[in-house]
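Novice:
Residue numbers (my numbering): 263 to 370.
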């Protein structure tokens, strides 16, 4: 995933694609893990979307998110910070990227 992702308010496409990787740039093993997207306002950090993603290639850390959550008639236009939370089979949790956030911009 690039550092900025754009879509229009109400759109359900394009799909948000990401490869979750560790600090060395190696893909994270997501086999039998749960992963969700967290979209937050940049100031105050209010979470506006927290929803499961589809793991498309668990060995290579590939995930994607369909924007169905934007269909609920909320006007979410604005700039947000996004990250992915992984819960591993042993219950441990890790957030990606672990050194910041991705920017998501939703326009009118």
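For glycine and all other residues, C-beta sits at the position ideal for the given N, C-alpha and C. Here the structure is a predicted model, which is why all the values come from computation and not from measurement.
If we count the other Cβ atoms within 10 Å of its Cβ and call it buried at 16 or more, is residue 354 buried or exposed?
Specialist: When all chains shown are included, residue 354 counts as exposed.
Novice: The beta strand (DSSP E) that contains residue 336, what's its start and end?
Specialist: Counting along the chain, residue 336 falls outside any beta strand (DSSP E), and DSSP gives it neither H nor E.
Novice: Whose C-alpha, out of 328, 308 and 324, is nearest the C-alpha of residue 276?
Specialist: Of the listed residues, the one whose Cα sits closest to residue 276 is 328.
Novice: How is residue 276 classed by DSSP in three states: helix, strand or coil?
Specialist: Here residue 276 sits in coil by DSSP.
Novice: Would residue 237 and residue 290 qualify as a contact pair, given that the criterion is a beta-carbon distance under 8 Å?
Specialist: In this structure the chain extends from 263 to 370, so residue 237 is not present and cannot be described.
Novice: Quick one, are the C-beta atoms of residue 368 and residue 269 less than 8 Å apart?
Specialist: A contact, by the Cβ cut-off of 8 Å.
Novice: Any idea what DSSP makes of residue 289, helix, strand or coil?
Specialist: Three-state DSSP puts residue 289 in a strand.
Novice: On the three-state DSSP scale, how would you describe residue 294?
Specialist: In the structure shown, residue 294 sits in coil (DSSP, three-state: anything other than H, G, I, E or B).
Novice: Mark residue 295 as exposed unless 16 or more other C-beta atoms lie within 10 angstroms of its C-beta, in which case mark it buried.
Specialist: Result: buried.
Novice: My output table needs one value for residue 322: the three-state DSSP class, helix, strand or coil.
Specialist: Of the three classes helix, strand and coil, the one that applies to residue 322 here is helix, per DSSP.
Novice: Since residue 314 is in the beta strand (DSSP E), which residue starts that stretch and which ends it?
Specialist: Residue 314 -> beta strand (DSSP E) spans 309-314.
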